[in-house]
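Reading through the structure tokens given below for one structure.
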Amino acid sequence: MLVDGPKGSGNKIDVYMQPLIEELKELWVDGIMTYDASINQMFSLHAALLWTMSDFPAYVMLSEKIKKCELACPHCGKNTRSHWLKYGRKYCYTYHRRFLPTGHKLRRDKVSFNEKIELERNPPILSGIEIKDNLNSRRDLEHLGIRTPLHPKRNRNGKLILPPGPFSLGKAEKNLFCKVLKNLKALDRYGSNISRCVHENESTLLGLKSHDLHSLMQQILPVIVRKILPASVVKVLIEISNFFKQLCSKVNTISDLEKIQERIVLTICHLEKIFPPSFFDTMEHLPIHLVGEALMVGPV
């Protein structure tokens, strides 16, 4: 639906969808006269909307029960674990260690997480925005009392500075990343011309298509990051790339999916050790449940 004006409807999208709801009711209750070319006659057509296919942010806005709050995960429901970041002013969804096996060593690792041992079990299965590594994100770390090396510090002039995290890219690393993509050669029909989307001077990527993003995440990114990030971060990013590559395969066996389910839980726990809490919105939590959906309905 097109929304007039410079500002989107956001969480109040239901107001703008009211005309659509009225039309759907009319289509189901009263029906509309439709021409049938096969018999050259008009008839009363009745139809209903069974379901919609949306990405997770749209799912959040379209559902009455799901809001951008502490219980935003539709899979975990009331068992969703989150907490409010005082300075980032958002909910973060960490606590992924509870999806690990009971005796896993990361459950006892207090230093790398929230200074607590994780004793909670995996929540039962219910039937039926960009990383913000800024001052407020670092102040949240300070407020939570975790990852002291990343806390904001003052220099000699009294100005606050942010120590670079293991995931941070300097100017040289950004230039190298863009240079590799700019000079990338691929087979015909592999994707669009990615080099046209690379702007080396600004170190940005603009105009990538959906298929290009899949190729970048699943095949190209694991190669490029080896030279520009620490080994500990590279390993986790490669695991995520391999997870989505396997998940999106046209053919998957139950045993294959069960294996990557075990791996993605561990991978997201390692992400919690690297990125600040503000990174973990519902999109970063969602991969925990994607395998379960693939087991029910088949390959992505």
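Mapping the sequence shown onto full-length UniProt numbering, position 37 (from 1) lands on 37, and the numbers just tick up by one.
Don't be surprised by glycine CBs; every beta carbon is placed ideally from N, CA and C.
Within the DSSP secondary-structure output, K90 pairs in a beta bridge with L85. Note on geometry: alpha-carbon atoms of G165 and P230 lie some 10 Å from one another. Leaving aside the five residues that flank E142 on each side, the residues in its chain whose CB is nearer than 6 Å to its CB run, in chain order, H151. If you draw a straight line from the Cα of G88 to the Cα of A294, it is about 34 Å long. In the three-state DSSP reduction, F275 falls in the coil class, being neither helix nor strand. Here I32 carries a strand assignment [DSSP, helix/strand/coil].
Within the DSSP bridge table, the entry for L160 names R154 as partners.
Here R107 is actually not in contact with E115; their C-beta atoms are around 14 Å apart, not less than 8 Å. Within 10 angstroms of the beta-carbon of H211 lie fewer than 16 other beta-carbons, which makes it exposed. For M217, there is no enclosing alpha helix (DSSP H), as DSSP marks it with neither H nor E. Close CB contacts of L266 within its chain, under the 7 Å cut and outside five residues either way in sequence, are with L100 (chain order). Excluding sequence positions up to five before and after S44, its CB lies within less than 8 Å of the CB of G31, I32, M33, T34, all in the same chain and listed in chain order.
Ranked by how close their Cα comes to the Cα of T94, the residues K25, L187, F275 have F275 in first place.
When DSSP states are grouped into helix, strand and coil, V198 belongs to the strand group. Exclusion of the five residues before and after H270 leaves V236 as the residues of its chain whose Cβ lies within less than 6 Å of its Cβ. Of H104, K273, L247, the smallest CA-CA separation from V291 is found for L247.
In the same chain as F244, and ignoring 5 residues on each side of it, the C-beta atoms closer than 7 Å to its own belong to M217, Q218, in chain order. Under the DSSP assignment, S241 falls in the alpha helix (DSSP H) whose first and last residues are 231-247. Per DSSP, the beta bridge partners of M42 are Y35. Here T204 carries a strand assignment [DSSP, helix/strand/coil]. DSSP, reduced to helix, strand and coil, places H285 within a helical segment of the structure shown. With respect to the C-alpha of P277, the residue from K25, K182, W84 having the closest C-alpha is W84. Contact check for K227 against L176 passes: the beta carbons are separated by less than 8 Å.
According to the DSSP assignment, E142 belongs to the alpha helix (DSSP H) that extends over 135-144. In the structure shown, S210 adopts helical secondary structure according to DSSP, grouped into three states. Here F113 is not near R98, since their CB atoms are 8 Å or more apart.
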